[in-house]
């Protein structure tokens with residue numbers, strides 16, 4: 002007789018993450034539910050599986066091999082069930098953050114569909130820095146590397162931000178060539194003025210007071226405003242490569258922020274056949290517009 006499969010799934014997540022709380026977040030359950038399932042499993046085995054420490058948990062040495070076997074087995078089960086569903090429905094679910102969806106995925110999606118008529122793509126929103134969870138999607142495009150051994154992560158774009166503006170704005174308000182001139186312009190803010198404050202500090206500037214200018218809760222609203230000529234915005238230049246190449250936007254400075262952050266495409270490990278095709282297509286699309294240097 003096997004122990005509860007639900008308990009084994011909880012155990013695998015807790016062992017992989019070294020945390021009951023993080024396992025609860027990943028599995029969309031409460032911390033108490035994770036603790037309960039682990040206790041049931043320990044009762045079934047008749048021995049403890051974790052050493053409970055003040056701020057974390059750690060596998061007992063004898064349970065390491067069990068956890069590793071479960072990780073491999075659950076990954077294979079996940080891949081096979083996704084592949085079986087894909088064969089039955091032909092559906093590939095892609096979760097994508099809005100900035101990448103509107104600038105890259107949606108404009109080019111017909112090319113993928115024409116080349117893969119057997120795949121039905123379902124596009125859903127992903128939140129910034131969302132993590133891949135089985136059952137939610139087949140492909141996730143988001144900020145940051147997943148860092149999990151059961152996921153495959155492919156870097157797409159750098160998040161390095163530079164000041165950009167439209168030629169319309171520059172023609173109306175004059176060229177902005179120095180950091181001081183940029184900081185004194187009509188600044189557009191993404192959620193908070195802090196990003197412009199960080200840019201000013203990196204440029205060696207110390208603003209006398211709070212930076213003025215409209216704050217946009219959604220990045221796509223900010224993008225619409227800067228392209229329309231409302232002011233200067235800090236934007237990830239690789240994500241805006243199309244607008245820069247077409248001349249709709251102009252980079253005003255080489256001073257960058259967020260240089261250590263990137264956008265990634267994440268799948269399960271191993272990915273389904275449809276996810277493999279999508280990853281190859283989308284990564285090739287991103288590479289074809291890669292910023293030189």
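In our numbering, the protein residues as written are 2 to 294.
Glycine is no exception: its CB is placed at the ideal position from the N, C-alpha and C atoms.
query, result
"Entirely enclosed beta strand (DSSP E) segments - the stretch 206 to 237, minimum 3 residues", "233 to 237"
"Where residue 149 falls: helix, strand or coil (DSSP)", "coil"
"Length at least 3, wholly inside the stretch 100 to 172: the beta strand (DSSP E) runs in chain order", "121 to 126, 140 to 144, 152 to 159, 162 to 166"
"Host alpha helix (DSSP H) of residue 180 (start-end)", "180 to 184"
"Cβ neighbours of residue 197 in the same chain (closer than 7 angstroms, five flanking residues each side left out)", "188, 190, 212, 235"
"Nearest-angstrom Cα separation, counted from residue 81 out to residue 263", "30 angstroms"
"Helix, strand or coil at residue 11 according to DSSP, with G and I counted as helix", "helix"
"With 16 other Cβ atoms within 10 Å as the buried cut-off, status of residue 16", "buried"
"Cβ shell of residue 141 (< 7 angstroms), same chain only, five flanking positions each side left out", "96, 127, 131, 133, 267"
"The stretch 142 to 155 / the stretch 229 to 243 touching (three or more Cβ pairs under 8 angstroms)", "no"
"Identity of the residues DSSP links to residue 191 by a beta bridge", "217"
"Option in 158, 180, 217 with minimal Cα separation from residue 199", "180"
"Of the residues 157, 54, 9, the one placed nearest residue 282, counting alpha carbons only", "157"
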